[in-house]
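Residue numbers (the working numbering): 267 to 827.
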Amino acid sequence: MDVHTWSRPDLVRIRHLELDLDVRFDRKMLDGSVTLRFDPTAHDELVLDTRDLEIHSVENAAGFKLGERDRILGTPLRIRLSPGSSWVRVVYSTSPQASGLQWLEPPQTAGKRHPFLYTQSQAIHARSWIPLQDSPAVRVTFQGRVRTPAGLHAVMAAERAGEHFEMNHPVPSYLIALAAGALEFRQLGERCGVLAEPPLVDAAAREFADTEAMIRAVEEMFGPYRWGRYDLLVLPPSFPFGGMENPCLTFATSTILAGDKSLVSLVAHELAHSWSGNLVSNATWSDFWLNEGFTVYLERRIVEKVYGRERGEMEAVLGRRELDREMANLQESDRVLHIELEGRDPDDGCTLVPYEKGALLLRTIEQEVGRERFDAFLRSYFDHFAFRSITTADFLDYLRRELPLKTLLDPWIFQPGVPPGAADPHSDAFERIEDAAARWQQGQQVDTRDWTTQSWLHFLRMLDPPDMARLDREFRLGESGNSEILHQYLLMAVRAGHRPAFPRLVEFLNSVGRRKFLKPLYTELMKTPEGERQARQIYQSARQGYHPITQVTLDAIVGGE
Ligand code: BES
Ligand code: ZN
């Protein structure tokens, strides 16, 4: 059923892992073992996923061999089981090129003095640092012991139990996570806190001060938070994503530290995954929209409850517009919610379609049945499927049984584009921004004193074509400390061939690794011969600072080494 694993969980199913790892910054490798426990089985073979692992030995087994490496899936590890056994131990080390690890040199960190390591397992990168059944349909509990050089801290996305970490709820492999570096902690609330490098930790604590209020907001709407603690880990700017919902410990890019809480919908998003995604998970990567569409819907509900309806609606409108913009450049088969991924890297399915079209479907259903009934449905959905991995068909069956609808679901799930009758987010505040943009385009001054980050993004996206020199004179956006505004400005500068912005562009491309920012910037640059020359030149030096996942994406756009 899952085309992205070599393993056969239908024959032998791993239930529990015990990880024991040394973090070797000197050799850029994890070195140690994993013990895998499974129900006793009559079957004599256990197949695990690996990618670029060196397997030193397999204990308590009758033998093992590595198969042929597949470009997307990695290499199967075939272990011959001893009759009646219920565990094996694989002794292994990772490769410095492991796709799920980023090893940062001190200059790439905020403190500049210590190295930093973090993992990114979603979608199928856990296999590059742990040999396991790397399918979201397989859930395991685990224990982790991690040794680091003196002075550096290791953390796992799990509960701390003295000297080791424990995850006592079964989770899919893509949620197993580890980080190590110079980290400091600040408590934010009863059950939440933030970990960051010392130079960032106070700013992070101020930015994320509303986290406890967000947790309470979701609990009121959708039921209890079931994971104990909720902490945030701030990662260096090379992190390829905005955030990653590792259980108990969200990983977040430092580029959301804007100073005014204006980008914390990302925290709402990763927190929401504690229900949609971590409690109820997609069973295959074709069902990814069940994770992300539900999460964007929940994210906007949290933002509405904590920051007000206006902000929630602004973000919904921005989301809808970006969806249309991106969809215009996608092939038809990628404009559906349930996406065909056979022979493809699941990271290719990570477009705005599962996110924004998914959220729009839920909003459309809410609109039909009313918020009260829809919230009751969602709450029962999270209860019913708690700690399970489900397919789109499982969701549709449950929905049709619990909440009969007039809205036709199949066009949403299986046909390209946004069907007629979709909910249509609207913001009055944005109407005023649209007026302001029209007046500004005619040469008038506009009063921007009460504008928020969302206002600025909408304003900038209305300007077509923008007078870049006048933008610089009046607003100095190239100096913005807000990564979203700066990114939008740089994108417009590249489109307009606005040379004064280029030093800032080069600096941005060399310091930020967030794929959502880099992909559009490099794509725009590649559209002209002059830009292409610049893109290649910048990429040549910036590439080694990017995460392996970002490198794969950008190699396809700019051309690899
Ligand atoms: N789980 C995703 C990140 C992800 C998706 C990693 C697919 C690997 C493969 C995370 O929850 C996410 O959606 N992050 C977004 C932020 C969000 C606010 C839209 C991101 O990183 O931009
Ligand atoms: Zn997400």
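In this text, a Cβ means the ideal position worked out from N, Cα and C, and glycines have one as well. This one's a predicted model, so the numbers in the text were calculated from it and none came from an experiment.
Exercise. Cα separation between His-828 and Trp-722?
Worked result: In the structure displayed, the chain extends from 267 to 827; residue 828 sits before or after that span and is not available.
For this session: With hydrogens ignored, establish whether the beta-carbon of Thr-477 is closer than 7 Å to any heavy atom of the ligand ZN.
Result: In this structure, the C-beta of Thr-477 stays at least 7 Å away from each heavy atom of the ligand ZN.
Exercise. Could you give the residue range of the alpha helix (DSSP H) that holds Tyr-358?
Worked result: That residue, Tyr-358, is in no alpha helix (DSSP H); its beta strand (DSSP E) goes 353-359.
Exercise. Near Pro-814, which residues of its chain fall below 6 Å by C-beta distance, leaving aside the five closest residues on each side in sequence?
Worked result: Taken in chain order, the residues that qualify are Ser-365.
Problem set entry | Same chain only: Cβ atoms within 8 Å of Asn-776, ignoring 5 sequence neighbours per side | Within its own chain, the residues whose Cβ lies closer than 8 Å to the Cβ of Asn-776, once the five positions on either side in sequence are excluded, are Ile-804, Ser-807, Ala-808 and Gly-811, listed in chain order.
Problem set entry | For Gln-711, the three-state DSSP class (helix, strand or coil) | Reduced to three states, the DSSP call for Gln-711 is coil.
Exercise. Looking only at its own chain, which residues have a Cβ that is under 8 Å from the Cβ of Leu-383, when we skip the five neighbours before and after it?
Worked result: So the list reads Val-289, Phe-291, Leu-367, Gln-368, Trp-369, Leu-370, Leu-444, Ala-445, Ala-446 and Gly-447, once near-sequence residues are dropped.
Exercise. Using a threshold of 7 Å, is the CB atom of Ala-389 nearer than that to any non-hydrogen atom of the ligand BES?
Worked result: Distances taken from the Cβ of Ala-389 to the heavy atoms of the ligand BES include one shorter than 7 Å.
For this session: Give the DSSP-derived three-state secondary structure of Ser-348 in the structure shown.
Result: Three-state DSSP puts Ser-348 in coil, outside helix and strand.
Problem set entry | Near the ligand BES: Lys-785 beta-carbon under 7 Å from a heavy atom | Annotation for Lys-785 indicates a beta carbon at 7 Å or more from all heavy atoms of the ligand BES.
Exercise. Is the region 314-323 close to the region 397-405, with three or more CB pairs under 8 Å?
Worked result: With a cut-off of 8 Å, the region 397-405 and the region 314-323 count as touching, because enough Cβ pairs lie within range.
Exercise. Which class does Gln-453 belong to by DSSP, given the choice of helix, strand or coil?
Worked result: Strand.
For this session: Go ahead and pull the three-state DSSP assignment for Glu-750.
Result: Assigned with DSSP and collapsed to three states, Glu-750 falls in helix.
For this session: Report the residue ranges of all beta strand (DSSP E) runs contained in full by the region 277-317; include only those spanning at least 3 residues, in chain order.
Result: The DSSP assignment places 280-290, 295-304 and 311-316 as complete runs of the beta strand (DSSP E) inside the region 277-317, in order along the chain (cut-off: 3 residues).
For this session: Confirm the yes/no value for this check: CB of Leu-419, any heavy atom of the ligand ZN, distance under 7 Å.
Result: In the sequence under discussion, the amino acid at residue 419 is His, which differs from the Leu named in the question. Taken from the Cβ of His-419, every heavy atom of the ligand ZN lies 7 Å or farther away.
For this session: Determine the closest residue to Glu-608 out of Ser-348, Glu-320, Gln-633 and Asp-553, with distance taken between C-alpha atoms.
Result: Ranking Ser-348, Glu-320, Gln-633 and Asp-553 by Cα distance to Glu-608 puts Asp-553 first.
Exercise. Is there at least one non-hydrogen atom of the ligand BES closer than 7 Å to the beta-carbon of His-813?
Worked result: No.
Problem set entry | Simplified DSSP assignment, three categories, for Leu-603 | The answer is coil: DSSP assigns Leu-603 none of H, G, I, E or B.
For this session: Would you check if the region 577-589 and the region 686-701 touch, i.e. whether three or more CB-CB distances between them fall below 8 Å?
Result: These segments touch.
Exercise. Of the choices Gly-747, Arg-780, Trp-555 and Met-792, whose alpha-carbon is the least far from that of Gln-817?
Worked result: It is Arg-780.
Exercise. Applying the criterion that 16 or more other CB atoms from any shown protein chain within 10 Å of the CB defines a buried residue, is Phe-837 buried or exposed?
Worked result: Only positions 267 to 827 of the chain appear in this structure, which leaves residue 837 out of reach.
Exercise. Among the residues of its own chain, which have a CB less than 6 Å from the CB of Leu-644, if the five just before and after it don't count?
Worked result: Within the same chain, Cβ atoms closer than 6 Å to the Cβ of Leu-644 are found at Phe-488, the five residues on either side in sequence being excluded.
Exercise. Secondary structure at Pro-438, three-state DSSP: helix, strand or coil?
Worked result: Here Pro-438 sits in strand by DSSP.
Exercise. Around the Cβ of Gly-410, are there at least 16 other Cβ atoms within 10 angstroms (buried) or fewer (exposed)?
Worked result: So Gly-410 counts as buried.
Problem set entry | Runs of alpha helix (DSSP H) lying entirely within the region 568-633, each at least 4 residues, in chain order | Within the region 568-633, the runs of alpha helix (DSSP H) that reach at least 4 residues and sit entirely inside it are, in chain order, 575-593.
Exercise. So Arg-346 packs on Gly-333, CB below 8 Å; how close in whole Å?
Worked result: Not a contact, Cβ separation roughly 13 Å.
Exercise. Looking at the unbroken alpha helix (DSSP H) that takes in His-650, where does it start and where does it end?
Worked result: Taken as a continuous stretch (DSSP letters only), the alpha helix (DSSP H) holding His-650 covers 637-650.
Problem set entry | Whole-angstrom C-beta distance between Ala-534 and Ile-568, which should lie under 8 Å | 4 Å between Cβ atoms; contact.
Exercise. Between Gly-744 and Arg-770, is the Cβ-Cβ spacing less than 8 Å?
Worked result: Remark: C-beta atoms of Gly-744 and Arg-770 approach each other more closely than 8 Å.
For this session: Run the CB neighbour count on Lys-331, radius 10 Å, all protein chains shown included, and call it buried at 16 or more, exposed below.
Result: Exposed.
Exercise. Comparing alpha-carbon positions, which option in Gly-298, Asp-476, Gln-374 and Met-792 lies nearest Ser-504?
Worked result: Cα-wise, what sits closest to Ser-504 is Gln-374.
Exercise. Pick from Arg-337, Glu-485, Gln-386 and Thr-516: whose alpha carbon is nearest that of Pro-506?
Worked result: Comparing Cα-Cα distances from Pro-506 to each of Arg-337, Glu-485, Gln-386 and Thr-516, the minimum goes to Gln-386.
Problem set entry | Supposed close pair Leu-729, Gln-710 - CB separation, criterion 8 Å | That belief does not hold up - the Cβ atoms of Leu-729 and Gln-710 are roughly 13 Å apart, past 8 Å.
For this session: Report back the beta-carbon spacing between Glu-327 and Ser-348 to the nearest angstrom; my notes put them in contact at under 8 Å.
Result: Checking the sequence, you will find Ala at residue 327 rather than Glu. The beta carbons of Ala-327 and Ser-348 sit about 6 Å from each other, so the pair counts as a contact at 8 Å.
For this session: Please determine if the region 451-465 and the region 478-486 are in contact, where contact requires at least 3 C-beta pairs separated by less than 8 Å.
Result: When Cβ pairs closer than 8 Å are counted between the two stretches, the region 451-465 is seen to touch the region 478-486, the count reaching three or more.
For this session: Excluding the 5 residues preceding and the 5 following Gly-543 in the sequence, name in chain order all residues of the same chain whose CB lies nearer than 7 Å to its CB.
Result: Same-chain partners within the cutoff: Glu-511, Asn-557 and Thr-561.
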